[in-house]
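Let me begin by presenting the structure, written as C-alpha cells, before commenting on it.
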Amino acid sequence: MTPEEFLGVEILGLTISAIVLVILALTLLPAMWRVALGPADADRAVGADHVFFVLVASIAILGLAWERDLLFDLVLVGTLVGFISALILARFLGRRRQ
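Counted the way the numbering used here counts, the sequence shown spans residues 364 to 461.
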C-alpha cells in the first residue's frame, strides 16, 4: 500500500468516525428530553442509561480514530459500571413500587 493510499484510508476512517459521532449526538436529544420530562422514574432511568452508553460508545469510537488503547480500557470499565448501575436502579425502582 502506497503512502497516498494509506492516507486515503485513514481520512475515510476519520470521516466515518465523525459521521457516527454526529449520529450518536443526535440520539441524545430525545434521550435528554425523556430524562427531563419523563412521566415516570423508569423513563428517566432509561434516558439516563441511554445518555451514559452514548458517552461510552463515543469514547470507543474516539479510541478507534485516535488509536489509543487506554480508551478501550475506559470503555470496558464504563460498560461494567453502567450495567451494574442499571441493575441496581431497576431493583430500587421495583422495590419502590411495592
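Just so you know, even glycine gets a beta-carbon here, dropped at the ideal spot from N, CA and C.
Query raised in the report: Val385: buried (16+ other C-beta within 10 angstroms of its C-beta) or exposed?
Result: On the sequence shown, residue 385 is found 22 positions in, with the first residue counted as 1. Val385 should be labelled exposed.
Query raised in the report: Short check: CB of Met395 to CB of Val414, under 9 angstroms?
Result: On the sequence shown, residue 395 is found 32 positions in, with the first residue counted as 1. On the sequence shown, residue 414 is found 51 positions in, with the first residue counted as 1. For Met395 and Val414, yes; Cβs fall inside 9 angstroms.
Report task. Indicate, with yes or no, if the ligand PLP has a heavy atom lying under 8 angstroms from the CB of Gly401. Result -> Among the components modelled here there is no ligand, and therefore nothing to report on the ligand PLP.
Query raised in the report: Are there 16 or more other CB atoms within 10 angstroms of the CB of Val372, so buried, or fewer, so exposed?
Result: In the sequence shown, counting from the first residue as 1, residue 372 sits at position 9. Result: exposed.
**Report entry** Where Thr365 sits in the DSSP three-state scheme
**Finding:** Taking the sequence shown and counting its residues from 1, the one referred to as residue 365 is at position 2. Correct three-state label for Thr365: coil.
Report task. Name the two residues that bound the continuous alpha helix (DSSP H) containing Arg431. Result -> The count along the sequence shown starts at 1 and reaches residue 431 at position 68. Counting along the chain, Arg431 falls outside any alpha helix (DSSP H), and DSSP gives it neither H nor E.
Query raised in the report: Is His413 close to chain B, meaning its C-beta is less than 9 angstroms from at least one C-beta of that chain?
Result: Of the protein chains in the structure, only one exists, and it is not chain B.
Query raised in the report: For Gly445, which residues of its own chain have a beta-carbon under 8 angstroms away from its beta-carbon, when the five flanking residues on both sides are left out?
Result: If you number the sequence shown from 1, residue 445 lands on position 82. Around Gly445: Asp412, Phe415, Phe416 and Val419.
Query raised in the report: How about Leu377 and Ala428: do their beta carbons lie closer than 9 angstroms?
Result: In the sequence shown, counting from the first residue as 1, residue 377 sits at position 14. In the sequence shown, counting from the first residue as 1, residue 428 sits at position 65. A contact, by the Cβ cut-off of 9 angstroms.
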